[in-house]
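Count the sequence shown with our numbering and you get residues 5 to 705, in order. Here is the structure we will look at.
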Amino acid sequence: MLEALLNPRAIAIIGASRTPGKVGHEIVSNLIQGGFSGHIVPVNPSADEILGLKAYSDLTAYPGEVELSIIAVPFGLTVAAVQGSLDAGARAICVITAGFKEVGAEGAAAERAIAELCAKKGARLLGPNCLGLINAHHKMNASFAKQMPKAGVISVISQSGALCTAILDLASGRRLGLAKLISMGNKADLNESDFLSALATDDETKVIVAYLESIVSGKEFVKAAEAAATEKPVVILKAGTTTAGAKAASSHTGSLAGADMAYGAAFRRSGVIRADTFDQLFDYATAFAMQPIPKGDRVAIITNAGGPGIMAADAVEGMGMQVATLAHGTATALRQTLPSAASVGNPIDVLGDADPDRYVMAVNAAQDDDDVDAIIVILTPQAMTKPAETARAIAGCVRSRKPILACFMGGEDVMPGRDELTAASLPDYPSPERAVGALRAMHNYAVWLARPQRIVARFPVNRRRGERIIHRCIRSGQVQLGEPQAKAILQAYGFNVPSGQVEADAQGAVEAAERIGYPVAMKIVSPDIIHKSDLGGVRLNLASPEDVRDAFDLMMLRIRQRVPGALLEGVYVEKMCARGREVILGMTRDPQFGPMLMFGLGGIFVEVMKDVTFNIAPITEGEAMQMLETTKSFALLKGVRGQASVDISAIATSLQRISQLVTDFPQILEMDINPFIVGREGGESVAADARITLSKPEAAR
5 MLEALLNPRA IAIIGASRTP GKVGHEIVSN LIQGGFSGHI VPVNPSADEI LGLKAYSDLT
65 AYPGEVELSI IAVPFGLTVA AVQGSLDAGA RAICVITAGF KEVGAEGAAA ERAIAELCAK
125 KGARLLGPNC LGLINAHHKM NASFAKQMPK AGVISVISQS GALCTAILDL ASGRRLGLAK
185 LISMGNKADL NESDFLSALA TDDETKVIVA YLESIVSGKE FVKAAEAAAT EKPVVILKAG
245 TTTAGAKAAS SHTGSLAGAD MAYGAAFRRS GVIRADTFDQ LFDYATAFAM QPIPKGDRVA
305 IITNAGGPGI MAADAVEGMG MQVATLAHGT ATALRQTLPS AASVGNPIDV LGDADPDRYV
365 MAVNAAQDDD DVDAIIVILT PQAMTKPAET ARAIAGCVRS RKPILACFMG GEDVMPGRDE
425 LTAASLPDYP SPERAVGALR AMHNYAVWLA RPQRIVARFP VNRRRGERII HRCIRSGQVQ
485 LGEPQAKAIL QAYGFNVPSG QVEADAQGAV EAAERIGYPV AMKIVSPDII HKSDLGGVRL
545 NLASPEDVRD AFDLMMLRIR QRVPGALLEG VYVEKMCARG REVILGMTRD PQFGPMLMFG
605 LGGIFVEVMK DVTFNIAPIT EGEAMQMLET TKSFALLKGV RGQASVDISA IATSLQRISQ
665 LVTDFPQILE MDINPFIVGR EGGESVAADA RITLSKPEAA R
């Protein structure tokens, strides 16, 4: 896949230049200096040769076949250069030139034109506005980046050309090899999903790293990322999520969801390891490239200083892993070999005067312990410390399939040791927290790989009833469904809703209350009022006919004063719900990834703490439970300080029912069940209030 782009046998440079410093000159120079063994074809109408290579006035003059054509001409000549390359038989085009959709309408039109030309010929397009690409194993530096990395196992996809050069410099500084580096630019054709698919089956790539600012198609991305992550780790730094997530939303769920929430849910679903910083991007990639995946989360810490050992232990527990309890035999063996002052618990403190042999004893003991899944080795520079010799000794004793991560703390004194560690494929980090963070990423990936098969349950529902209500609203142009309509849809999908009915006057409300049975709740019904309680449109615990009449009259008076132009259809009278734990269930339809399900506890947990969790529909039973468990307030559902637990399975099932509903009806843009009142285990759970927003009719069509 993408062979002509990633492994071409002949490359043309349209716009090759004799002038050093120009892009067309640097690309030709980089191909030569990098040792590219294929044919390099400079194209320049004013030159006979460039850097010792025969130059051609036009690509059609070249007698051979070109697979990849790199376009580095001024903007106005780009379309003609692409057409000429395609006419000459190029099957891949890389447009370095800038000035396309990133600058305005004229550029956007030109970008569409070159993309259409390539599509008609069946050629693939990289860029425009990109740095180019590098295949280190192919000795191909088809970019204007000055550095050619040594061949390695990490492949990089980047939306930013400037970040590509920073990555190359960082990789050189860390003595890391790269397999491929691809600058995607404007992604007029090839995008992140294409490259994830290509690199997933690339034998030279062990780890995929990406920097993304946007994703072309959310659904294609999730599919490609999941397929790639099943084969090898995928680490992504996603930028540009804060302002992109701001939007006007009518529902609680919509106001809490944003681009960052959506991307986070998509990454979790597809097995992507998310890096929050540039440092993390390579911290994680280095660990995956150099070490095996841990089988569990039990970590042994070896250190020559107490403080850093404590820091590591805090980080391990703080990041959700375990400080391993060493087996009795391990402690006994350490006592027999280490000085009496050494600590043989965990962290294992080999003391400040530790020589390389002492580290080897501790590492061997941890490797032999079946209760240890991973090892972190910390070294601080003290008067007796020998960083380089210690690093070589540690590398020499590695013999198990447990990951070993090093933390040689300090600067110049430990640098020789760091060099030895890198040469031995032992990742090294400047602080315990960064080492533990990389190990946690590895553990999370191992957990994802071991996930059960995704089986999405389908519940027996009355889909036809929901369909009739939604289509009736769409035909009438109604976007906001009133509570009675929303609850009718929920009831069709198996939710328990209180009995109730709409009444237009006070007497009707009293008669409805008599039939339903006191106490009752009364809520305003109006397509123009979304947040009823904010305007005095909700009254609870009405216990008599007088309460109902008074509440009706006062509610109508206040609503007319506060929203003078609102259409008032009446009130919804319904049976008061039994007491229970109030939670919020909801959905908002993300433009990239589709329906995003939301769960949170009611009250301050949502309003103030924003303690909510999201996942992409459809979800499995296990994924529904994970949504609950990842909130900080989950302990309240299980019961604390003598309080009884609530029916957690009822919440998980309800999330799955919402998942089915919003998957069945793409017309549903947003919805909330707020509150969803959950009873004790085995008791009754009720959708006490509900709101559904549909797409506008033209959007639905």
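The C-beta atom is built at its ideal place from N, Cα and C for all residues, glycine as well. Small disclaimer: the values here were computed from a predicted structure and weren't measured.
| Check | Outcome |
| --- | --- |
| Complete runs of the beta strand (DSSP E) confined to the region 98-182 [at least 3 residues] | 128-130, 136-139, 144-147 and 155-162 |
| Close beta carbons around GLN87, own chain, < 8 Å, minus the five adjacent residues each side | LEU121 |
| Supposed close pair ALA127, GLY156 - CB separation, criterion 8 Å | The pair is not a contact, with the Cβ atoms about 29 Å apart (cut-off 8 Å). |
| Span of the beta strand (DSSP E), counted from its first residue to its last, around ARG684 | It is not in any beta strand (DSSP E) - ARG684 carries neither H nor E in the DSSP assignment. |
| Segment contact flag, the region 566-578 with the region 527-543, C-beta cutoff 8 Å, min 3 pairs | yes |
| Three-state secondary structure (DSSP) of THR307 | strand |
| Own chain partners of VAL460 with C-beta closer than 6 Å, once the 5 adjacent residues on each side are dropped | PRO622 and THR624 |
| Residues bridged to ARG706 (per DSSP) | An answer regarding residue 706 cannot be provided, because it is not within the stretch 5 to 705 covered by the chain. |
| Own chain, CB closer than 8 Å to VAL276, minus 5 neighbours either side, in chain order | ALA229, ALA233, VAL238, VAL239, ILE240 and ALA270 |
| Whole runs of the alpha helix (DSSP H) within the region 619-647, excluding any shorter than 4 residues | 625-633 and 638-642 |
| Anticipated Cβ contact below 8 Å, PRO12 with LEU72, distance rounded | 4 Å |
| Three-state secondary structure assigned by DSSP to MET591 | strand |
| Nearest-angstrom beta carbon gap, VAL367 and ILE305 [assumed within contact, 8 Å] | Going by Cβ atoms, the distance from ILE305 to VAL367 rounds to 11 Å, so no, they are not a contact pair. |
| Residues bridged to PRO599 (per DSSP) | ARG593 |
| Rounded separation between GLY421 and THR394 - CA only | 7 Å |
| Three-state secondary structure (DSSP) of THR247 | With a pLDDT of only 47 at THR247, under the threshold of 50, the placement of this residue in the model should not be trusted; the figure read from the coordinates follows. THR247: helix per DSSP, three-state reduction. |
| Three-state secondary structure assigned by DSSP to LYS299 | coil |
| Per-residue DSSP class, three states only, for CYS581 | coil |
| According to DSSP, residues forming a beta bridge with TYR215 | SER162 and LEU241 |
| Contained alpha helix (DSSP H) runs [length at least 4] in the region 390-432, N- to C-terminal order | 391-401 and 419-427 |
| Other residues of its chain near THR642: CB distance less than 6 Å, five sequence neighbours each side excluded | For clarity, residue 642 is Lys in the given sequence; the question names Thr instead. Answer for LYS642: SER649, listed in chain order. |
| Sequence-distant residues of its chain with Cβ nearer than 7 Å to THR384 (five each side left out) | ASN308, ALA309, PRO312, MET413 and GLY414 |
| Cα-Cα separation, THR290 to LEU180 | 8 Å |
| DSSP-derived helix/strand/coil call for ASN678 | strand |
| Own chain, CB closer than 6 Å to ALA112, minus 5 neighbours either side, in chain order | LYS105 |
| Nearest-angstrom beta carbon gap, VAL501 and ALA691 [assumed within contact, 8 Å] | 5 Å |
| For TYR66, the three-state DSSP class (helix, strand or coil) | coil |
| Residues that DSSP places opposite THR617 in a beta bridge | PHE603 |
| PHE499 classed as buried or exposed, judged by whether at least 16 other C-beta atoms fall within 10 angstroms | buried |
| Other residues of its chain near GLU708: CB distance less than 6 Å, five sequence neighbours each side excluded | Within the shown structure, residues of the chain are numbered from 5 to 705, placing residue 708 beyond reach of any answer. |
| DSSP-derived helix/strand/coil call for SER73 | strand |
| Environment of SER663 [buried if 16+ CB atoms lie within 10 Å] | buried |
| Cross-strand partners of HIS43 (DSSP beta bridge) | ALA14 |
| GLY569 (DSSP reduced to helix, strand or coil) | coil |
| Whole-Å CB distance - ILE620 paired with MET600, under 8 Å assumed | 6 Å |
| C-alpha distance - THR592 paired with GLN37, whole-angstrom precision | 53 Å |
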